[in-house]
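In the working numbering, the protein residues as written are 5 to 628.
The beta-carbon is built from N, C-alpha and C at its ideal position, and this holds for glycine as well.
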Amino acid sequence: MDRSRIRNFCIIAHIDHGKSTLADRFLEQTGLMEGARGEGRGTRSEPVEQVLDSMDLEREKGVTIKAKAVRLPYRAEDGLDYQLNLIDTPGHVDFSYEVSRALAACEGAILVVDASQGIQAQTIANVHVAMDHNLKIIPVVNKIDLPSAEPEAVVNQVCDVIGFNREEVLLASAKEGTGTHEILEAVVRLVPSPGGDETAPLRALIFDSKYDSYKGVIAYLRVIDGAIEDERGLRLMTTEQDIEALEVGTFSPQPVPSGRLSTGEVGYVATGLKDVRQCRVGDTLTDSAKPAAEALTGYQQAKPMVFSGLYPTQPNDYGLLREALEKLQLNDAALSFEPETSVALGPGFRCGFLGLLHMEIVQERLEREYDLELLITAPSVEYQVLRTDGEEIVVDNPAALPPPSEIEEIREPWMAISVVCPDRYIGAVMELVTSRRGVFERMEYIQGTGDEEPGTRAHSALSEKRVILAYQIPLSEILVDFYDQLKSMTQGYASLDYHLDHHAAAKLVKLDILVAGEPVDALSLITLSEKAQAQGRALVQRLRSLIPRQLFDVPIQAAVGGRIVSRETVRALRKNVLAKCYGGDVTRKRKLLERQKEGKKRMKRVGNVEIPQEAFLAVLRLEK
Numbered sequence: 005m006d007r008s009r010i011r012n013f014c015i016i017a018h019i020d021h022g023k024s025t026l027a028d029r030f031l032e033q034t035g036l037m038e039g040a041r042g043e044g045r046g047t048r049s050e051p052v053e054q055v056l057d058s059m060d061l062e063r064e065k066g067v068t069i070k071a072k073a074v075r076l077p078y079r080a081e082d083g084l085d086y087q088l089n090l091i092d093t094p095g096h097v098d099f100s101y102e103v104s105r106a107l108a109a110c111e112g113a114i115l116v117v118d119a120s121q122g123i124q125a126q127t128i129a130n131v132h133v134a135m136d137h138n139l140k141i142i143p144v145v146n147k148i149d150l151p152s153a154e155p156e157a158v159v160n161q162v163c164d165v166i167g168f169n170r171e172e173v174l175l176a177s178a179k180e181g182t183g184t185h186e187i188l189e190a191v192v193r194l195v196p197s198p199g200g201d202e203t204a205p206l207r208a209l210i211f212d213s214k215y216d217s218y219k220g221v222i223a224y225l226r227v228i229d230g231a232i233e234d235e236r237g238l239r240l241m242t243t244e245q246d247i248e249a250l251e252v253g254t255f256s257p258q259p260v261p262s263g264r265l266s267t268g269e270v271g272y273v274a275t276g277l278k279d280v281r282q283c284r285v286g287d288t289l290t291d292s293a294k295p296a297a298e299a300l301t302g303y304q305q306a307k308p309m310v311f312s313g314l315y316p317t318q319p320n321d322y323g324l325l326r327e328a329l330e331k332l333q334l335n336d337a338a339l340s341f342e343p344e345t346s347v348a349l350g351p352g353f354r355c356g357f358l359g360l361l362h363m364e365i366v367q368e369r370l371e372r373e374y375d376l377e378l379l380i381t382a383p384s385v386e387y388q389v390l391r392t393d394g395e396e397i398v399v400d401n402p403a404a405l406p407p408p409s410e411i412e413e414i415r416e417p418w419m420a421i422s423v424v425c426p427d428r429y430i431g432a433v434m435e436l437v438t439s440r441r442g443v444f445e446r447m448e449y450i451q452g453t454g455d456e457e458p459g460t461r462a463h464s465a466l467s468e469k470r471v472i473l474a475y476q477i478p479l480s481e482i483l484v485d486f487y488d489q490l491k492s493m494t495q496g497y498a499s500l501d502y503h504l505d506h507h508a509a510a511k512l513v514k515l516d517i518l519v520a521g522e523p524v525d526a527l528s529l530i531t532l533s534e535k536a537q538a539q540g541r542a543l544v545q546r547l548r549s550l551i552p553r554q555l556f557d558v559p560i561q562a563a564v565g566g567r568i569v570s571r572e573t574v575r576a577l578r579k580n581v582l583a584k585c586y587g588g589d590v591t592r593k594r595k596l597l598e599r600q601k602e603g604k605k606r607m608k609r610v611g612n613v614e615i616p617q618e619a620f621l622a623v624l625r626l627e628k
């Protein structure tokens with residue numbers, strides 16, 4: 005294919021604005037939908053939805069988790085054949101690193117905005133990322149078929165907030181297929197063809213990858229310079245690992261061997277590598293016989309913000325868990341892990357995630373795809389700790405926090421957040437954020453429909469003035485339950501975007517939990533000193549109802565340093581030792597009861613208390 009007729013573009017939007025459905029319509033428009041149908045998954049008259057969202061978790065949760073690539077053959081109105089390389093991206097803020105990786109492999113982006121919801125927080129965030137990559141942005145107002153749609157109001161918002169002209173904005177309904185042809189024509193007309201030098205040494209950017217049992221590591225890549233062919237010697241420039249291209253191909257949307265990828269094209273290479281650590285996302289692939297002099301820029305390493313412990317319920321599964329995490333880390337660049345040992349739970353891994361949804365997805369993928377039974381501890385954030393001797397350390401596990409006498413200062417991460425909502429919810433949002441130690445920064449209004457007179461305003465979120473509220477807030481305060489409460493207080497109209505801003509000092513202490521006199525490191529947490537007593541009391545009360553009764557009293561205590569701040573007791577389960585004692589001398593009954601009392605004393609000395617999974621997640625529900 006002539007490089008001047010290649011177009012590389014992606015679809016970006018806020019979550020649930022119709023990206024994957026629009027991608028399905030592109031497959032139909034270009035004749036690829038039939039090849040994408042699975043057995044028994046639809047007929048010609050019954051379109052299959054979410055073809056690119058192929059993971060079970062993506063279909064169940066209705067969100068895109070992994071970016072997907074597909075090549076679309078398209079004959080434009082000018083009569084020429086074009087090769088359109090599409091990458092469908094996630095919309096949830098936890099997977100924003102997938103979006104940034106996809107944008108680096110494209111020259112254009114389709115910005116999708118819901119005609120019934122208007123501009124949301126992630127819409128603005130994705131536009132800024134696309135502008136940073138100097139992409140040509142094509143704005144599309146989707147879902148114009150909905151009864152609650154107000155396309156003209158949303159077009160006004162897009163022009164007012166982002167700065168497009170009215171004639172640039174396209175109207176579409178991905179569900180009905182309206183406007184699909186016009187969007188593809190705009191891609192052909194507006195998105196520039198890829199650059200690069202066909203005669204230069206090979207340089208290809210790896211933007212995603214996965215592991216295959218038969219072909220080894222499969223790298224998804226965009227060829228920047230040169231070309232790749234089958235059975236050719238290649239080299240990964242970061243690790244300096246030499247490999248052979250076992251198979252080279254494209255996506256239609258299933259992998260289809262093509263034997264060659266030229267400059268500007270998007271496809272895959274089967275490397276045959278068995279060690280997942282040798283092939284990294286962001287690496288540059290070059291020719292081993294004639295290597296390039298300089299590697300491509302690659303990607304900024306995704307920085308985890310939420311940390312939790314993952315432990316196998318069966319100690320023998322530790323090796324299987326390590327192997328599963330290594331394979332999962334290959335195509336999930338934001339997942340990090342390192343071995344750790346808990347006194348209560350044994351050997352496991354301390355894992356880093358981008359957010360709670362990311363953590364939930366990783367846990368479910370490990371359990372489903374690798375058949376593991378896992379126990380996961382309550383999430384925490386990363387703190388910067390300055391010791392009294394001047395050394396600065398990073399602590400992401402409360403159990404690793406030094407004693408108070410060795411700590412000079414603890415700094416916690418603060419996030420810059422933006423909330424987009426109708427103006428009637430300003431008070432509720434401000435009350436929620438300030439109750440979580442949020443600091444107000446600014447407020448901006450977004451243009452509505454123009455029908456703003458009191459008493460005549462239509463009953464929809466778009467007919468009201470909408471605002472962007474910017475705050476700074478500690479990450480630990482929005483980690484649990486914040487998004488749910490935000491949605492509840494605004495009747496679902498608010499949207500949230502956030503990113504790490506800075507670290508700031510705070511009066512923080514470690515709250516230890518002791519069960520039967522023994523500290524349980526997996527239950528400890530870092531909290532504000534003024535909240536420690538109340539949180540300790542709430543946590544031991546919840547643990548008392550979760551830990552099953554034993555044949556002896558089990559004290560549950562919360563301690564800050566060496567000071568006990570709260571205590572509850574799980575009362576002993578009294579076994580009826582007299583059940584088989586029918587009548588007879590009363591001394592016989594006393595003897596049995598005395599023997600039971602001695603046995604309980606012995607169990608107190610050697611007895612172990614079983615702590616269920618719900619106890620480790622009780623910390624999550626403290627705010628409720």
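Query: Would you report the Cα separation of T182 and Y374, rounded to the nearest angstrom?; Result: 41 Å
Query: Quick one, which of A328, S409, L339 has its alpha-carbon nearest L378's?; Result: A328
Query: Quick one, which of T275, D229, P259, T242 has its alpha-carbon nearest A249's?; Result: T275
Query: Could you tell me if I347 is buried or exposed, where buried requires 16 or more neighbouring beta carbons within 10 angstroms of its beta carbon?; Result: Reading the sequence as shown, one finds Val at residue 347 and not Ile. Counting Cβ neighbours within 10 Å, V347 comes out exposed, since fewer than 16 surround it.
Query: Which residues does DSSP pair with D516 in a beta bridge?; Result: A563
Query: Can you tell me whether R226 is buried or exposed, with buried defined as 16 or more other CB within 10 angstroms of its CB?; Result: buried
Query: Of the residues A153, F168, P151, which one's Cα is nearest the Cα of I141?; Result: F168
Query: Using only alpha-carbon positions, find the residue among D164, V158, K179, Q161 that is nearest to D149.; Result: K179
Query: T301: buried (16+ other C-beta within 10 angstroms of its C-beta) or exposed?; Result: exposed
Query: Would you mind stating whether I397 and P383 have Cβ atoms separated by less than 9 Å?; Result: no
Query: Restricting to runs no shorter than 3 residues, where is the beta strand (DSSP E) found entirely within the region 365-439?; Result: 378-380, 387-391, 396-399, 411-426
Query: With respect to 8 Å, is the separation between the Cβ of L175 and the closest non-hydrogen atom of the ligand NAP below this value?; Result: No copy of the ligand NAP appears in this structure; indeed no ligand is present at all.
Query: Given I472, which residues of its chain have a CB within under 6 Å of its CB, disregarding the five upstream and five downstream residues?; Result: S422, V424, E448
Query: Of the residues K601, I10, V519, which one's Cα is nearest the Cα of R193?; Result: I10
Query: Look at P559 and G521 and say whether their C-beta atoms are less than 9 Å apart.; Result: yes
Query: Sorted by chain position, which residues of the same chain lie with C-beta nearer than 7 Å to G350's C-beta, five sequence neighbours on each side aside?; Result: Y315, P319
Query: Could you give the first and the last residue of the continuous alpha helix (DSSP H) run that contains I187?; Result: 184-194
Query: Please look up how many angstroms separate the CB atoms of A223 and L289, rounded, as I've assumed it's under 8 Å.; Result: 7 Å
Query: Quick one: grab the DSSP three-state call for P470.; Result: Checking the displayed sequence, the identity of residue 470 turns out to be Arg instead of Pro. R470 falls in the strand class under three-state DSSP.
Query: Under DSSP, the beta strand (DSSP E) around N12 begins and ends at which residues?; Result: 10-17
Query: For I91, which three-state DSSP category applies?; Result: strand
Query: Figure out for me which residue from E298, V260, Y322, A208 has the closest Cα to the Cα of G286.; Result: A208
Query: Which of the three DSSP states, helix, strand or coil, is assigned to Y322?; Result: helix
Query: Between which two residues does the alpha helix (DSSP H) holding P155 run?; Result: 155-161
Query: Give the DSSP-derived three-state secondary structure of H362 in the structure shown.; Result: helix
Query: Where does Q476 fall in DSSP's three states?; Result: strand
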